[in-house]
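Heads up: the structure comes next, in C-alpha cells.
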Amino acid sequence: MKKELKAILIIGSILIAAAVSLSIILPYFKKQPTTTDQGVVRIYVNSTIADNLSTEIEQYEQDVINQGYSVEVINWSTTNVTLLRNDLINASLQPKGLEGAVLIGDLPAAFMQYYYF
-17 MKKELKAILI IGSILIAAAV SLSIILPYFK KQPTTTDQGV VRIYVNSTIA DNLSTEIEQY
43 EQDVINQGYS VEVINWSTTN VTLLRNDLIN ASLQPKGLEG AVLIGDLPAA FMQYYYF
C-alpha cells in the first residue's frame, strides 16, 4: 500500500509540474492575432498582366493581410511617373498612412543621377 501511495504521489507531482510548465511555455508558441492593423500596403499591378497573375496576386495579398496590414490592390495603366508619385503621396497622407508599396510589372520609374566633379 505504501509503495502504491508513493507511486501515485510521484506521478501526480510529475503531472502537475508538466501542466504548470506547459501553461507557461505554450503561450509563446501561439500565433499572434492578425487583427492588429499595422498600416496600409498598396500593390500596384500593370493592368496588362493583372489578369494573368490574379491567383499569385491574391495569394500575396492574403500573405500581407496575415501579417497584420491592410492591402489595396491597384491596376495601374498609365505610364506617367508623376501620376504614380502623386498617388503614392496622396496614399501616405490618408489617416491610415502608407506603410509600403509593391510595384508589379512594367510600371513607370523615375531615375536620378548625381554628378560629382
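First residue of the sequence shown? That's -17 in the working numbering, and the numbers climb one at a time after it. Even glycine gets a Cβ: it sits at the ideal position worked out from N, Cα and C.
So what's residue i in DSSP terms, helix, strand or just coil?
i: residue -8; result: helix
i: residue 81; result: coil
i: residue 28; result: strand
i: residue 62; result: coil
i: residue 34; result: coil
Which residues in the same chain have their Cβ closer than 6 Å to the Cβ of residue i, if we skip the five residues on either side of it in sequence?
i: residue 64; result: none
i: residue 86; result: 27
For residue i versus residue j, is the C-beta spacing smaller than 8 Å?
i: residue 43; j: residue 27; result: no
i: residue 55; j: residue 39; result: yes
i: residue 80; j: residue 89; result: no
i: residue 84; j: residue 22; result: no
i: residue 95; j: residue 51; result: no
Return the residue from the list the options that minimises the CA-CA distance to residue i.
i: residue 29; options: 60, 93, 78 and 83; result: 60
i: residue 91; options: 98, 6 and 62; result: 62
i: residue 25; options: 57, -15 and 2; result: 57
i: residue 93; options: -5, -8, 67 and 48; result: 67
i: residue 46; options: 35, 82 and 33; result: 82
With a threshold of 8 Å on Cβ separation, who are the neighbours of residue i within its own chain once the five nearest residues in sequence on each side are excluded?
i: residue 76; result: 22
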